[in-house]
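In this note's numbering, the protein residues as written are 7 to 325. Ideal Cβ placement from N, Cα and C applies to all residues, glycine included. Working notes, beginning with the structure itself.
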């Protein structure tokens, strides 16, 4: 029964919204105690972006049937759409009490907490949503938001370390990496600049700054930095890996493969290098080598997106 109430909102309605609203209005006029009719009309109002009427209808449905999960669901997401997170969260609480395994409710409550500045509860809810299972787009959103929140928290912690000891080159490198992971290449580069000013022999700072330059599309400066990193530390596998990624992104697959060869020779456990090299082999028609690399990479546990791409290419190559 609950699955009926918690049905998806998008792509299921065949009746035009105005006609649906009129239809459920007639049903309500015929039976003003029909909670389901209020929920259905509220759903149509929500889909029509008329959030106030959606909230009014679902509130009436709840007064008639306080055990109707989808009434709370529609009212919650309507309040969320209005930016009224204080009213949305208690309704998400209700939905979760009705259906403890409902991943989307955790996801929506988590984003509500985030918008209120409550990162602790937001992180807990988004982690629960991911454990319970979301659709691919939901997973992508939740993972990105989690990374941002966790990264921002860690950035603040490194900032405190730097304020206490402004000569700590490693702290600048670590904070720069976090900035880069949250998509802020400009602040990342500034931190790597500072780290290099404090320690001109910090190979890691050059390599990480190279990654930030590559992300900005500045291939020349990125290569200059990896050259410097390898000059300081010739056995730096991550620098070769970094260069391999850059060549791959430029569709220069032979040069990418050569860089990954060097990275893997220095560190045979660098599984992500096998993954991208496998993609590069696939691009150059080297089927057997692509299969071997992708199978090796999958043994390590790639990210969900990379795993999906590797599995899809493997299936295609093995046909």
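Between residue 366 and residue 128, which are expected to be in contact by the criterion C-beta below 8 angstroms, what is the C-beta distance as a whole number of angstroms? Any property of residue 366 remains undetermined from this structure, which presents the chain solely from 7 to 325.
Beta-carbon contacts of residue 59 that lie in its chain and below 7 angstroms, excluding the five residues immediately before and after: Once the five neighbours on either side are set aside, the close Cβ partners of residue 59 are 51.
In chain order, what residues of the same chain have a beta carbon less than 8 angstroms from the beta carbon of residue 168, not counting five sequence neighbours either side? Residues 174, 177, 178, 181 of the same chain have their beta carbon placed closer than 8 angstroms to that of residue 168, with the five preceding and five following residues left out of the count.
Helix, strand or coil at residue 203 [DSSP, three-state]: helix
How many Å lie between residue 85 and residue 92 at the Cα? 9 angstroms
When DSSP labels each residue in this structure, what does residue 308 get in the three-state scheme? Residue 308 falls in the coil class under three-state DSSP.
At a cut-off of 7 angstroms, would you count residue 231 as near the ligand HEM, judging by its Cβ distance to the nearest heavy atom? Absence of the ligand HEM is noted for the structure shown, with no ligands found whatsoever.
What's the gap between the Cα of residue 94 and the Cα of residue 115? One Cα belongs to residue 94, the other to residue 115, and the distance between them is close to 8 angstroms.
With a threshold of 16 other CB atoms inside 10 Å of the CB of residue 107, please say whether the residue is buried or exposed. exposed
Would you give the residue range spanned by the alpha helix (DSSP H) that residue 23 belongs to? In the DSSP assignment, residue 23 falls within the unbroken alpha helix (DSSP H) covering 23-36.
Could you tell me the alpha carbon to alpha carbon distance between residue 26 and residue 34, rounded to whole angstroms? Those two C-alpha atoms are separated by around 12 angstroms.
Assuming the contact rule is C-beta atoms closer than 8 angstroms, residue 231 and residue 247 should be a hit. Round their C-beta distance to whole Å, please. At roughly 14 angstroms, the Cβ-Cβ gap does not stay under 8 angstroms, so residue 231 and residue 247 are not in contact.
Beta-carbon contacts of residue 44 that lie in its chain and below 6 angstroms, excluding the five residues immediately before and after: 63, 66, 67
Once DSSP output is grouped into helix, strand and coil, what is the label at residue 75? helix
Backbone CA spacing between residue 125 and residue 155 [nearest angstrom]: 7 angstroms
Judging by CA-CA distance, which residue of 47, 234, 287 is the nearest neighbour of residue 296? Considering only alpha carbons, the answer is 287.
Any idea if residue 37 is buried or exposed, counting beta-carbon neighbours within 10 angstroms, 16 or more meaning buried? exposed
Where does the unbroken alpha helix (DSSP H) through residue 55 begin, and where does it stop? No alpha helix (DSSP H) contains residue 55, which DSSP labels as neither H nor E.
Here's the rule I'm using: 16 or more other beta-carbon atoms within 10 Å means buried, otherwise exposed. How should residue 237 be labelled? exposed
Between residue 82 and the rest of its own chain, which residues show a CB-CB distance below 6 angstroms, the 5 nearest in sequence each way excluded? 94, 97, 98
Is it the case that the Cβ atoms of residue 282 and residue 254 are separated by a distance below 8 angstroms? yes
Proximal residues to residue 220 (C-beta, below 6 angstroms), its chain only, five neighbours per side dropped: 228, 252
CB-CB under 7 angstroms to residue 160, same chain, minus the five flanking residues each way: which ones, in chain order? 184
Going by Cα to Cα distance, which pick from 142, 196, 87, 240 is closest to residue 313? Checking every option, the nearest Cα to that of residue 313 belongs to 142.
Could you compute how far the alpha carbon of residue 7 sits from the alpha carbon of residue 263? Bear in mind that the predicted position of residue 7 carries a pLDDT of just 30, short of 50, making it too unreliable to give a figure here.
Can residue 136 and residue 150 be called in contact, C-beta distance under 8 angstroms? no
Are the beta-carbon atoms belonging to residue 299 and residue 280 less than 8 angstroms from one another? The Cβ atoms of residue 299 and residue 280 lie closer than 8 angstroms to each other.
Kindly give me the distance between the Cβ atoms of residue 109 and residue 138, rounded to whole angstroms, as I take these residues to be in contact under 8 angstroms. 4 angstroms
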